[in-house]
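Take the sequence shown: its position 20, counted from the start at 1, is 0 in this note's numbering, and no numbers get skipped.
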Amino acid sequence: MGNREFLREGLDMEEHNRRFDKIIGEYKEIVKVTKETTIIDIRSESKEVRKLKKGFVHNASKSVTDICEN
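Listed below in structure tokens is the structure:
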């Protein structure tokens, strides 16, 4: 897996996504050489995802270890 970014409860989703921008992002040098980037949104089961976003992993039923190993 390429570069990973974690967020909690969907907070600052757009900011996390901006970090991977190929031109202005904080990780722009990494993005140039990696095959993929992943943003993992960790939420409690009581909070539903309203809208799935491309490039994000939304999963309330698996642990971070399960997601990273698969």
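Just so it is clear, CB atoms sit at the ideal spot from N, CA and C, and this is done for glycine as well.
All values derive from a computational prediction rather than experimental measurement.
TODO: Under 8 Å Cβ to Cβ from glycine 5, same chain only, skipping five residues before and after it: list those, please.
DONE: Position 25 of the sequence shown holds residue 5. Hits under 8 Å: Arg(-2), Arg(-1) and Val11.
Open item on the list: Per DSSP, what are the beta-bridge partners of glutamate -15 in this structure?
Closed with: Working through the sequence shown from its first residue, we reach residue -15 at position 5. According to DSSP, which records beta bridges pairwise, glutamate -15 is partnered with Ile19.
Task: Straight-line gap, serine 24 to arginine 30 (C-alpha atoms, nearest Å) - done: Along the sequence shown, read from residue 1 onward, the residue named residue 24 stands at position 44. Along the sequence shown, read from residue 1 onward, the residue named residue 30 stands at position 50. Those two C-alpha atoms are separated by around 14 Å.
TODO: Go through its chain and collect everything with a Cβ distance to isoleucine 22's Cβ below 6 Å, but skip five positions before and after it.
DONE: Within the sequence shown, residue 22 is the residue found at index 42, counting from 1. Contacts found: Arg(-12).
Task: Limits of the alpha helix (DSSP H) - the one that lysine 12 falls within - done: The residue given as residue 12 occupies position 32 in the sequence shown. Run containing lysine 12: 8 to 13, per the alpha helix (DSSP H) assignment.
Open item on the list: Could you tell me the alpha carbon to alpha carbon distance between methionine -7 and glutamate -15, rounded to whole angstroms?
Closed with: On the sequence shown, residue -7 is found 13 positions in, with the first residue counted as 1. On the sequence shown, residue -15 is found 5 positions in, with the first residue counted as 1. If I take the Cα positions, the gap works out to 10 Å.
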